[in-house]
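Chains as they are written, first to last, in this note's numbering: chain A, 3 to 198; chain B, 2 to 809.
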Amino acid sequence: MEKVTKVKMLALALLLGLGLQSCSEDEAPAPENEEEVIDKVVLTFTPDGGGNPIAVTALDPDGEGSSPFETSDITLSASTNYTLGVEFFNTATDENITEEVSAEGEEHMTFYGWTEGLFSDPTGNGNIDVRDDDVNYLDYDSNSLPVGLSTTWKTGEAASGDFRLVLKHQPGLKTATSTVEVGETDVDLTFNLIIE
Amino acid sequence: MLNKSRSIVVIIVILISFSTLLGQNKNCDFFVEGTVYDLNTGEPLPYATVTIKDTQKGTVADEQGYFLIKNLCEEEFDLVISHVGYKTLIHHHDAYHEKPDIYLAAESEYLKGVTVEGQKNVGAYQTQTVEIVDKSVIENSVGTTLGKISSSLPGVSMISTGTNIAKPMIHGLYGNRILILNNGVRHAFQNWGKDHAPEIDLSVVDKITVVKGASSVRYGSEAMGGVILIESDQPELHEKLKGEVTLKGETNGKGYGGELSLSSGGHRLAANISGNYYRRGDMNSPDYNLTNSGMEEIGGKAMIRYHKERFDVNGIVSYVDQKAGIVKGSVVGNLEDLQNAMENEPPEGTTDFSYDINTPRQEGNHLLTKIQASQNFSDNLITGFYSYQLNKRKEFDIRRGTNNDIPSIDLELNTHQVEVNLMHEKIIGLEGNVGMQWIYQDNNNLEGTNTTPFVPNYQNTSFGFYMTESKSFENNSMFEFGLRYDYSFLSVLGRDFNQNIFSGDLELNNFSLNVGYQKDIENFSIKINAGTAWRPPNVAELYSFGKHQTSVITYGLLRYTLDENFFPVTENVLDPADKNIGAEKAYTFNTSLRYAIKNWKIDLNLFANYITDYIYEKPAGITETVRGAFPIYIYSRTDAIIPGINGRANVDFGNFGYSSIRFDYTYGQNLDDGSAFIDIPPFRLNFSYNKEIDDVWIFNKITSSIELEHVFRQNNAPRTITPQEFIDAENNNTDIFNGDFSIFDFKDAPKAYTLLNFDVLATIKSQFFIRFSVENIMNTDYRIYTDRIRYYADEPGVNFKASVNYRF
Chain A
3 MEKVTKVKML ALALLLGLGL QSCSEDEAPA PENEEEVIDK VVLTFTPDGG
53 GNPIAVTALD PDGEGSSPFE TSDITLSAST NYTLGVEFFN TATDENITEE
103 VSAEGEEHMT FYGWTEGLFS DPTGNGNIDV RDDDVNYLDY DSNSLPVGLS
153 TTWKTGEAAS GDFRLVLKHQ PGLKTATSTV EVGETDVDLT FNLIIE
Chain B
2 MLNKSRSIVV IIVILISFST LLGQNKNCDF FVEGTVYDLN TGEPLPYATV
52 TIKDTQKGTV ADEQGYFLIK NLCEEEFDLV ISHVGYKTLI HHHDAYHEKP
102 DIYLAAESEY LKGVTVEGQK NVGAYQTQTV EIVDKSVIEN SVGTTLGKIS
152 SSLPGVSMIS TGTNIAKPMI HGLYGNRILI LNNGVRHAFQ NWGKDHAPEI
202 DLSVVDKITV VKGASSVRYG SEAMGGVILI ESDQPELHEK LKGEVTLKGE
252 TNGKGYGGEL SLSSGGHRLA ANISGNYYRR GDMNSPDYNL TNSGMEEIGG
302 KAMIRYHKER FDVNGIVSYV DQKAGIVKGS VVGNLEDLQN AMENEPPEGT
352 TDFSYDINTP RQEGNHLLTK IQASQNFSDN LITGFYSYQL NKRKEFDIRR
402 GTNNDIPSID LELNTHQVEV NLMHEKIIGL EGNVGMQWIY QDNNNLEGTN
452 TTPFVPNYQN TSFGFYMTES KSFENNSMFE FGLRYDYSFL SVLGRDFNQN
502 IFSGDLELNN FSLNVGYQKD IENFSIKINA GTAWRPPNVA ELYSFGKHQT
552 SVITYGLLRY TLDENFFPVT ENVLDPADKN IGAEKAYTFN TSLRYAIKNW
602 KIDLNLFANY ITDYIYEKPA GITETVRGAF PIYIYSRTDA IIPGINGRAN
652 VDFGNFGYSS IRFDYTYGQN LDDGSAFIDI PPFRLNFSYN KEIDDVWIFN
702 KITSSIELEH VFRQNNAPRT ITPQEFIDAE NNNTDIFNGD FSIFDFKDAP
752 KAYTLLNFDV LATIKSQFFI RFSVENIMNT DYRIYTDRIR YYADEPGVNF
802 KASVNYRF
């Protein structure tokens, strides 16, 4: 019995020894490029027939952090034709994601919505609520469905209201009738739009 | 780094030193007792002759098949069991088992007899409530999971993400509050979040035992709600080559697969191997296809055993690779997407049946190796083992472009474990175990996910030593107590959103305690057990940051501070000391009563868990991102109480079969604000009727059962705030929380439902086992409160399952 106790003590001491060899983590995860994330969106309204383009940037530097971000106001001239170009960026990798969205046009669609009356063409309040409502798309995917990175707008009388843009990722889901409710949201921004 | 081989050497040295100091028992007071049965009918076989090989000793079993041979000078010997009309069986009786059940095969049959032995009572949970899953349920199971199979026991339920990903829940606790022991080894996996199930191949499992209630003293941290013990049968000595082939399939999901196992045992050496494959496509709910709900699993196991008198060495290698799809419509983006996904039925992206498993999906594999040695000396048994586990997990989300083929989570977890346990003989009237345990884990994110790691890299070292003792009294009662000390050290290195490195260390010391009492009075027996249990917070609870396979953004305890409006600010990564991070501690109390009279048997189990610094997720507001508005969840701490009651009554009608009624109730409350918790299983009632018929047509035995299960709606659920209410509040610029950050759910608890299931098992000459079962016979559409898929889709509809098992 005495011998047994000795062995027990020996084992105990050894295990204690092992336990005290606590290891510190010495290897951090490799840095990753946040390729997924769009954290900067630039809207450029170029007036037809010359004039200074109006560019508005929405930036979300802390991504999934909790601090809110604000979008600046868009100010356009009344009764003017504009071409709107939308660009998406990833500031972490300094990457322009617009091309990727464009190349995968058959998986992406940009929907627009606004306060009724802001524009004389298209009329109405956009295709976020009703898919078939008018939006003047200039770009189409390989299935002849709109992508929405380039659109035309004619402003109405002086007024102000909301202007909302939703980029949807609809892999295998995009059809002539697929609405804003289909697929995952890549971008959903609402701006204050002023026409003067 | 550690010298792992050193620990193995230590154990071997210890064991060898023991074997040298063994003494022989010359008092000749060993004995053996057991029961002889007919293999075919399972009935006791009277008057078999039982002798000890190469001696004159022996006896004849009594009318009930029971035999007892006393005054043996050796502890180990070969038993020879014979009976007229039956094949003679030789069974090697060793010191590790007691009371063998011997099944003799008739001369006319092809099969040989078998012996079933219970392990000697290992103690340490004798006063705890223990439930065992019926072996026949595991053996011929088709396309199921550990979570699902153990939820057939009272007090046990499951938490799941669809049919493929399910983990067990005991007494309302799950995840890191439940310990899974795979052949004695802590099953090490990515055990955080609700959507990570243990990678366990059920085909290699022969026994599932559930210990309900805190068991930290014997098993270490995390054994708070209970322990699930998974065991594979040891290879038997003196056994000619034998094997089993099983083919199985099911109609829902068009699943198919099979298993093959072989075993053989000689005088000293025995081994077995087995392999398993199963594949299933999309399952069907009553109204629509559940697109991308398929799964595929391949696994195998090899065990080897060397046995010498009183000395035993055994090794296990097992591997499983699982691929599990998650219903396509269940992974969504911002609040509006969530609202749409919850409203749309069938879920978005629903297509026709397919075996394809696209995104979202999980791919996991798990390797377990273990070498164990044990040595018996007089009434002591010392056991030591070393085990190594490698767990790899990849999770694929729906992503843009080429990223769709890249996992968003890619983790590798290495685990080493060493344990030494001494089961000692009676010392001053106390019997029990003393032992120690050492575990080292290293978890790493693999490069190339193109997204910031959701959890950091970490290393975790822990060791503990324990003692559990019991004292039996003459009036059929027993007192049990246990003590344990644990040390744990967690070291973390991770990347924040800007790819800057952060680090953190957490050192914990803990004492656990357990006391229990058991008493038998005629038809009545009572077990009372009270204990403490603990666990260190897991890395996800401390460090998670962002969105992962859900529609909420989650911040771990160390990723936020609350501002004056109780809104989380996520500027810095905190140190564990900043928030005074400590262990979560539980105080649990369990009582179980058993009453047997005439043809009735009643079991009742009452429990209460009081948990301090209970970590749970709760909402903390809304954040605007480029992708729209997301709800923010934070990990928070509170004190909680989770009590409940469950039980079962069996009544035997003799020739008319038997019935059983089971019920299960669990309650949970946050003691800080009085609110409920999400994921407490609702009240459940089961009724089953079973009947056995012998000798019908070509079948020797047919066992059939019909089961009716009713699950009530969970009324003890948190308040509901739908995503639409959030969107409306945003649009109207109102504050939906209005200062109330108590827990809420996005959807009401699902309605009550009733399921009808049928099962029949037929045997031919104890060589063919044919099982046929139907689940959800009425094709009821229902949703399970503790299944995350309930927000988006129904559970599968009617399913016919069949399996054929052939033994040779």
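Glycine included, every Cβ here is placed at the ideal spot set by N, Cα and C.
B:Gly119 burial status per 10 Å Cβ neighbour count (16 or more: buried): Below a pLDDT of 50, predicted positions are generally treated as unreliable, and B:Gly119, at 49, falls in that range; the measurement from the model is reported next regardless. Around the Cβ of B:Gly119, a 10 Å sphere holds fewer than 16 other Cβ atoms; the residue is exposed.
Contacting residues, own chain, Cβ-Cβ under 8 angstroms from B:Phe654 (five flanking each side not counted): Asn600 and Ser660
With a threshold of 6 angstroms on Cβ separation, who are the neighbours of A:Val58 within its own chain once the five nearest residues in sequence on each side are excluded? Leu45, Ser74 and Ile76
Interface residues of chain A facing B:Pro569 [CB-CB closer than 8 angstroms]: Ser68
Nearest by alpha-carbon distance to B:Gln725: which of B:Ile150, B:Lys243 and B:Glu344 is it? B:Glu344
Taking CB distances under 9 angstroms as the criterion, tell me whether B:Lys619 reaches chain A. no
Cα-Cα separation between B:Leu339 and A:Glu183, rounded to whole angstroms: B:Leu339 and A:Glu183: Cα-Cα distance of roughly 10 angstroms.
Beta strand (DSSP E) runs wholly inside the stretch 18-97 of chain B, at least 3 long, in chain order: 31-39, 50-53, 59-61, 67-73, 78-83 and 90-94, all fully within the stretch 18-97 of chain B.
Output the distance between the C-alpha atoms of B:Gly798 and B:Tyr467, rounded to the nearest integer angstrom. Each residue's Cα considered, the two are about 48 angstroms apart.
Cα-Cα separation, B:Asn499 to A:Gly65: Between the alpha carbons of B:Asn499 and A:Gly65 lies a distance of about 10 angstroms.
Per DSSP, which one or two residues make a beta bridge with B:Gly645? B:Phe608 and B:Thr667
Contacts of A:Ala60 in chain B (Cβ-Cβ under 9 angstroms): The contacting residues are Val627.
Bridge partner(s) assigned by DSSP for B:Ala303: B:Ile274 and B:Val318
Use the C-beta contact count for A:Pro63: other C-beta atoms within 10 angstroms, 16 or more gives buried, fewer gives exposed. When all chains shown are included, A:Pro63 counts as exposed.
Out of curiosity, what's the CA-to-CA distance linking B:Tyr786 and B:Asn777? 17 angstroms
Run through DSSP, which three-state label would B:Asn816 get? Not covered by the structure: residue 816 of chain B. The range shown for chain B is 2 to 809.
Taking B:Leu607 and B:Ala641 to be in contact with their CB atoms under 8 angstroms, please state how far apart those CB atoms are, rounded to whole angstroms. Contact doesn't hold; Cβ gap of about 18 angstroms is too wide.
Spell out whether any CB of chain A is found under 9 angstroms from the CB atom of B:Asn445. For B:Asn445, the closest Cβ of chain A is nearer than 9 angstroms.
Please state whether the Cβ-Cβ distance between B:Lys54 and B:Leu80 is less than 9 angstroms. In this structure, B:Leu80 lies closer than 9 angstroms to B:Lys54 by Cβ.
Taking only three categories from DSSP, how would you classify A:Val103? helix
Who are A:Pro148's beta bridge partners in DSSP? Its beta-bridge partners are A:Tyr142.
Please specify which runs of the alpha helix (DSSP H), each continuous and at least 4 residues long, are wholly inside the stretch 558-645 of chain B, giving them in chain order. The qualifying runs do not exist here; there are none.
Less than 8 angstroms between the CB atoms is what I'm expecting for B:Gln323 and B:Ser216, so what's the real figure, rounded? Actually they are not in contact, since the Cβ atoms of B:Gln323 and B:Ser216 sit about 27 angstroms apart, beyond 8 angstroms.
For the candidate residues B:Ile598, B:Tyr611 and B:Tyr596, whose alpha-carbon lies nearest to that of B:Phe590? B:Tyr611
Does the beta-carbon distance from B:Gly173 to B:Ile646 come in below 9 angstroms? Taking 9 angstroms as the Cβ cut-off, B:Gly173 and B:Ile646 do not qualify as a contacting pair.
Taking Cβ to Cβ, would you say B:Lys748 is nearer than 9 angstroms to B:Arg714? no
When you compare the CB of B:Ala534 with every CB in chain A, is at least one pair closer than 9 angstroms? no
Considering only residues of the same chain and omitting the five flanking positions on each side of B:Met304, which have a CB-CB separation below 6 angstroms? Pro236, Asn273 and Ile317
Below-9 angstroms beta-carbon distance, B:Gly583 vs any chain A residue: No, its Cβ sits nowhere closer than 9 angstroms to a Cβ of chain A.
Opening and closing residue of the alpha helix (DSSP H) in which B:Ser217 lies: Ser217 to Tyr220
Tell me, please, whether the CB atom of B:Ala630 is closer than 9 angstroms to any CB atom in chain A? yes
A:Thr187 touches chain B at which residues, Cβ-Cβ below 8 angstroms? Gly334, Asn335, Glu337, Asp338, Arg628 and Gly629
Can you tell me whether B:Tyr459 is buried or exposed, with buried defined as 16 or more other CB within 10 angstroms of its CB? Result: buried.
Amino acids of chain B, ordered along the chain, whose beta-carbon sits closer than 8 angstroms to that of A:Val88: Chain B residues near A:Val88: none, gap ~12 angstroms exceeds 8 angstroms.
B:Pro101, DSSP secondary structure in three states: The answer is strand: DSSP assigns B:Pro101 an E or B state.
Determine the chain A residues that contact B:Thr450 at a beta-carbon separation under 7 angstroms, and present them in chain order. Glu34
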